[in-house]
Amino acid sequence: YCWLANVGWGLFLRALGLIAVIALIVPTWSFLYRRVLATPEWPELDDEADMPPHCAARHHQLERDGVAPELWNVSLPVWSQELETHDDDKPALAYLGSCGFLQRLGIVVRVFAHLYRREDFFLYQSDPDSGVHEPLVEVLASRFGGAMPDNVKVASMPRTGRVFYWGHTANVIAGFKELLATGHQWRWLIRLHDSAYPMHAPEYMRVFLASQPGTSFLDLKPWAVKHWMASKLNLVHACGSWVGRIEGQQFPQEEVANRGFSWSMGDEWWVLTRGLASYFVDDRLEPFFKLMEHRVNAEEVFWASVVSNIPGFSETIEESLVWRVFSGSDDWREAKHSPDNIVDVRLHTYMAEIKRDWPDRFFIRKVVMGRSDDLLRWLDATIERERRYYEHPPGDLSPADITKHVPGWIHPSHFGRVWPNHTSG
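First residue of the sequence shown: 96, per my numbering; consecutive thereafter.
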């Protein structure tokens, strides 16, 4: 009896020790898997532990209730004939750009040097947390003797410029309001990517657009159930620069669709008529804004979905004017689901398609200073030839003022200054 008792206690103690080891190993392995081995969540979300205190009440309400059901019934305002764009042989253009990275400042300024014309308007938005605002103002103003002209403005983004979430799109809508309030009679609004480069001179773009009045150029595709966005339905809470997941809740994609709304997708690098840009600042869109605040990758759902559902919309939508290519290889892109960087070592891979699409594209993305230099020099020469063609009357062989139109210079006041990656990409 005593022998059996001793054996029983021994087995019991060994089992207890094994349980203790497992209890130690499992949490440790789970921590290591989450932090080291597992694929990071994408798009990135912040930990709830880092949530600012003032965001907590709204976060807990969303955890409890999700998106308010009254927002599931999307009702967009009817298109008004007053928004129709009038014909204009030489329409003025507006450009809305952004710069959130110092290493892209060189491209932004080089593109500006190609695009600037006195009759157009330029609004650049900078992320106040990036440290790029003052350098951008200084280098743009240096082209005009230190004083910015009245058709160029640099403004701080009213919200964080963080991509994939609503603040990024809300900044663009704020830019619409600012551009429409200037009193400048621009006819088309061109959205600039800070890694895109023009394929044509502005004179070509102006003629191209004037030949198609009432036409916007937008990446507009039907909803694809197998696209990665279709599976990213976790509800998100954006509060300042912090964005967190709402556990136990989903974005009501299907519920909205079941009520007659047609979801669409497409990127945000478009050219819009003034009328369509004016539509996007209509206060009656506010309920839809509140819905989209909780959508992952809002910028690639919002624009296409609104355009697809405008009641009575009578303008034309054509294909995007931005050339890009997706190889799916991490060797040639900066981030997951980004298009390829069009770098010189791979230029032979893309060139036939670029030349084929050339007449119907305004910009190419993404380019990288220091790695796309041969391509950029080739584009510089092409744009300059077009400028001469449109600006010089037949038989006028006088030399052009290259310093005003062909970039690549650095203002004398900047020699010796350290611009991170300004010339090396």
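Virtual Cβ for every residue (Gly too), placed ideally from N, Cα, C.
These numbers come from a predicted model, not from an experiment.
Kindly indicate the opening and closing residues of the alpha helix (DSSP H) around Y299.
297 to 305
Below 7 Å between beta carbons: does that hold for D455 and A305?
no
Leaving out five residues on either side along the sequence, give the residues of the same chain with a beta carbon under 6 Å from the beta carbon of N246.
F216
CA-CA distance, W418 and R460?
6 Å
Taking the C-alpha atoms as reference points, what is the distance between R480 and A144?
Rounded to the nearest angstrom, the two C-alpha atoms are 57 Å apart.
Taking just the CA atoms, how far does R301 sit from P244?
21 Å
Taking just the CA atoms, how far does C334 sit from G195?
19 Å
Taking Y292 as part of the beta strand (DSSP E), name the residues at either end of that continuous run.
It spans 291 to 293 - the beta strand (DSSP E) in which Y292 sits, taken as one unbroken run.
Under the three-state reduction of DSSP, which class applies to M243: helix, strand or coil?
Note: M243 maps to coil in three-state DSSP.
For L471, tell me which candidate among G201, H487, L166 has the shortest Cα-Cα distance.
G201
For V331 and P347, what's the separation of their Cα atoms in angstroms?
12 Å
How long is the line joining the alpha carbons of G339 and W167, rounded to whole angstroms?
21 Å
Distance, Cα to Cα, H295 vs Q220?
Roughly 23 Å separates the two Cα atoms.
Could you tell me the alpha carbon to alpha carbon distance between E298 and F458, rounded to whole angstroms?
14 Å
Based on Cα-Cα distance, which residue from V258, Y260, S251 lies nearest to A269?
S251
Considering only the beta carbon of each residue, do L157 and I437 sit closer than 7 Å?
no
Run through the region 329 to 354 for me and flag every whole alpha helix (DSSP H) of 4 or more residues, listed as ranges in chain order.
348 to 352
Please name the residue in D378, Q198, F356, S237 whose C-alpha comes closest to that of F271.
D378
Considering only the alpha carbon of each residue, which of S467, D160, L284 lies closest to E363?
L284
Can you say whether D160 is buried or exposed, counting buried as having 16 or more other CB atoms within 10 angstroms of its CB?
So D160 ends up on the exposed side.
Quick check on the burial criterion: 16 or more other C-beta atoms within 10 angstroms. Buried or exposed for H389?
buried
Within its chain, find whatever has a CB closer than 6 Å to the CB of Y190; leave out the 5 residues flanking it on each side and keep chain order.
F217, I285, L287
Rounded to the nearest angstrom, what separates T443 and E395 at their Cα positions?
Note that residue 443 is His in the sequence shown, not Thr. One C-alpha to the other measures close to 30 Å.
Can you round the beta-carbon distance between S415 and S357 to whole angstroms, since I take them to be within the 8 Å contact cut?
In fact, because the Cβ distance is near 19 Å, the residues do not count as touching under 8 Å.
Could you pull the start and end residues of the beta strand (DSSP E) that L218 belongs to?
216 to 221
According to DSSP, what are the bridge partners of C194?
S221
Taking DSSP's pairing of strands, which residues face F458 in a bridge?
P293, V417
Please return the same chain residues whose Cβ sits closer than 6 Å to the Cβ of V203, not counting the five positions on each side in sequence.
Closer than 6 Å at Cβ, skipping near neighbours: C194, D289.
Taking one C-beta from the region 256 to 265 and one from the region 230 to 238 each time, how about it: are there three or more such pairs within less than 8 Å?
No, they do not touch.
In the DSSP assignment, what are the bridge partners of T255?
The partner list for T255 (beta bridge, DSSP) is empty, contrary to what the question assumes.
Run the CB neighbour count on V351, radius 10 Å, all protein chains shown included, and call it buried at 16 or more, exposed below.
The residue is buried, with at least 16 neighbouring Cβ atoms inside 10 Å.
On the three-state DSSP scale, how would you describe T368?
Three-state DSSP puts T368 in a strand.
Return the CA-CA distance between S175 and L380, expressed in angstroms with no decimal places.
14 Å
What span of residues does the beta strand (DSSP E) with L284 cover, start to end?
281 to 286
Alpha carbon to alpha carbon, how far is M324 from D314? Give it in angstroms, no decimals.
15 Å
From which residue to which residue does the beta strand (DSSP E) around F312 run?
Where F312 is concerned, the enclosing beta strand (DSSP E) starts and stops at 310 to 312.
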